Every structure is written in structure tokens, then in C-alpha cells.
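*Asks:* So the mapping is simple: this note's numbering equals the position in the sequence shown, first residue as 1, plus 70. From the three backbone atoms N, C-alpha and C, an ideal C-beta is built for every residue, glycine too. Owing to the predicted nature of the structure, the values given are computational and were not obtained by experimental measurement. Below: one structure in C-alpha cells.
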Amino acid sequence: MIGDLLIISGCTGVGKTAFSLNLAQYLNIEIVSADSMQIYKSLDIGTSKLTSQEASICPHHMINIVSPFETYNVYQYVKDAQKVIAKIWQHDALPVVVGGTGLYIESLIKNYSFNNEQQTTKLDFNYRHLCLYKDRNATYNAIDNRVDQMIDQGLVNEVKTLHSMGVPDDAQCMRAIGYKEIIQYLNGESSLEHAVDKIKQNSRNYAKRQLTWFRHMDCEWVNVDNGVENTIKELCDFYSKYKKR
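Next comes the structure, spelled out in C-alpha cells:
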């Protein structure tokens, strides 16, 4: 099976969600998340999941599919995402992979197999991969502001709720940036102020690693500091068969 695929990647805080939802105003798209933590149920604030209003703009997939008690790996992601993409093609819609987990994206588009197992679905893509970026200081400011918002929205209580559910501190999902630092605070190993500073620093370091990964991939780099209107228009022309009527 072969079909069109658009990928929107970039580091945390660069505006991938806003870009994809902007595109959804003009094209018939369905979004496939490539975020290794948004797959988990009950991890909402710390993973910056969509609001209900954002989620209503177009269909979203590969979000809230795994219990916080479970582990999930890249092999499972590729297998599950390929099935979703095949169904989106059947809807005559354009699948748009959106996220910052480079291993997920690279494994998906290169059809990697793992542990000598063949994927249950073999897909070939006519794909474009856009990587969004902006000024480093602007990225860091966006990250800092996002972390402050997470705290204001109740990240500490979200981690407390996960604890009350019985999710252990060493669960795969609890190792995510934002959760592991709050766990240290709740366990009396740091102050809240120190935990917040650590979340910001670890998020900035993660953003650097993300960009390093994408620099080794075949991407079209899009500077969002210059606005994205021309890029959106070009994509609408390129994918004209998916234009909304």
C-alpha cells in the first residue's frame, strides 16, 4: 500500500500543534501523534495534550492509547501507527504525523523492523518531512513559559493522582520530563522551586537533542519566526486533492 504522508516535527515548544491545526483549516487531514509520552492515559498536563477544543478541529490518533502501568516501545508504535495511517488513507484524508520523538518518526518512515519481526502492515509513503524551528532564545522562553503553565494548571496534583492510582515511581511513563522532577519534590528530595527549575533545564536539554536528531534526517526546515502563512499555502497547493470544499 502506498499513499501520501506529511510529517511535522521539531523540538518541544516550537509550535507543532498550532501549525498542524492551522493546516487543518484548509486540508482534510487526520493527525497521528509521534509523542512517546502522549500515548499514556492520565498524563495530560505534563505532556501538553490537546485541549478538547483543539482535539475537535480534526481527528487525532495515537494519543491516550496506553495505561500508565504499561510499557510501550518503538516497535509497537510503528505497528500501531501504520495501521492508523492505512485507515486514514481509506478515508481519503491526508495523514499528518506530528511530534518530536525522532526515533518514532524515523522508524516509521523507514519501515524498521525489530527483533527480527516483520511489521504486520507494510506501507510505502510519498512523504514530506517539515521540521519547525525558531530562534534558540525564543524556544527556551517558550519552554519556560510552558513549564510555568503546567505548574499553574496542576502538574503537582496530576502526579499525586497517578500515585493514588498506584502507578509506581519507576514506571516508564513516570520517567518523563516533568514527572520525574515532581516525584523528587513529592518524595522530599527537592523544593518545588528546584523541581521547576530542573524541568525547565531538562526540557531545554531535550530540545537540543531533538534538533540534533532531526539534523541527521532528510527534512525541510521551516523557520516559524518568519511566519508560516507561505508554508501553509504551499502545502495546500502541494496537497490540493485534500483541500476542503
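Output the distance between the C-alpha atoms of K250 and A156, rounded to the nearest integer angstrom.
*Replies:* If you draw a straight line from the Cα of K250 to the Cα of A156, it is about 36 angstroms long.
*Asks:* Thinking C-alpha only, which one of G85, G73, Y96 and G83 is nearest K303?
*Replies:* Y96
*Asks:* Run through the DSSP bridge pairs and tell me what K313 is partnered with.
*Replies:* L97
*Asks:* According to DSSP, is F139 part of a helix, a strand, or is it coil?
*Replies:* In the three-state scheme derived from DSSP, where H, G and I count as helix and E and B as strand, F139 is classed as coil.
*Asks:* Roughly how many whole angstroms lie between the Cα atoms of I109 and T171?
*Replies:* Straight-line spacing of the CA atoms in I109 and T171 works out to 12 angstroms.
*Asks:* Can you have a look at S310 and say buried or exposed, based on whether 16 or more other CB atoms are within 10 angstroms of its CB?
*Replies:* exposed
*Asks:* Where does the unbroken beta strand (DSSP E) through D74 begin, and where does it stop?
*Replies:* I72 to G80
*Asks:* Would you grab the beta carbon distance between I179 and Y197 for me? Rounded to a whole angstrom, and I think it's under 8 angstroms.
*Replies:* 6 angstroms
*Asks:* Would you identify the three-state DSSP class for V298, choosing helix, strand or coil?
*Replies:* coil
*Asks:* For S112 versus V266, is the C-beta distance shorter than 9 angstroms?
*Replies:* no
*Asks:* To the nearest angstrom, how far is it from the Cα of Y203 to the Cα of M235?
*Replies:* 38 angstroms
*Asks:* What span of residues does the beta strand (DSSP E) with Y110 cover, start to end?
*Replies:* Run containing Y110: none; DSSP gives neither H nor E here.
*Asks:* Nearest to P138 by CA position, among I213, L232 and D205, is which residue?
*Replies:* L232
*Asks:* Determine the DSSP secondary structure at N293, reduced to helix, strand or coil.
*Replies:* strand
*Asks:* Just tell me which of S79, D74 and I72 has its CA closest to the CA of D288.
*Replies:* S79
*Asks:* According to the neighbour-count rule (16 or more other Cβ atoms, all chains shown, within 10 Å of its Cβ), is A88 buried or exposed?
*Replies:* exposed
*Asks:* Do A94 and I133 count as a contact pair if the criterion is CB distance below 9 angstroms?
*Replies:* no
*Asks:* On the DSSP letters alone, give me the boundaries of the alpha helix (DSSP H) that V237 sits inside.
*Replies:* Unbroken run through V237: none, as it is neither H nor E.
*Asks:* Taking the alpha-carbon positions, what's the G224 to G248 distance?
*Replies:* Taking the CA atoms as reference points, G224 sits about 12 angstroms from G248.
*Asks:* Using the C-alpha atoms, what's the distance from N227 back to L281?
*Replies:* 31 angstroms
*Asks:* Would you grab the beta carbon distance between H131 and I101 for me? Rounded to a whole angstrom, and I think it's under 8 angstroms.
*Replies:* 7 angstroms
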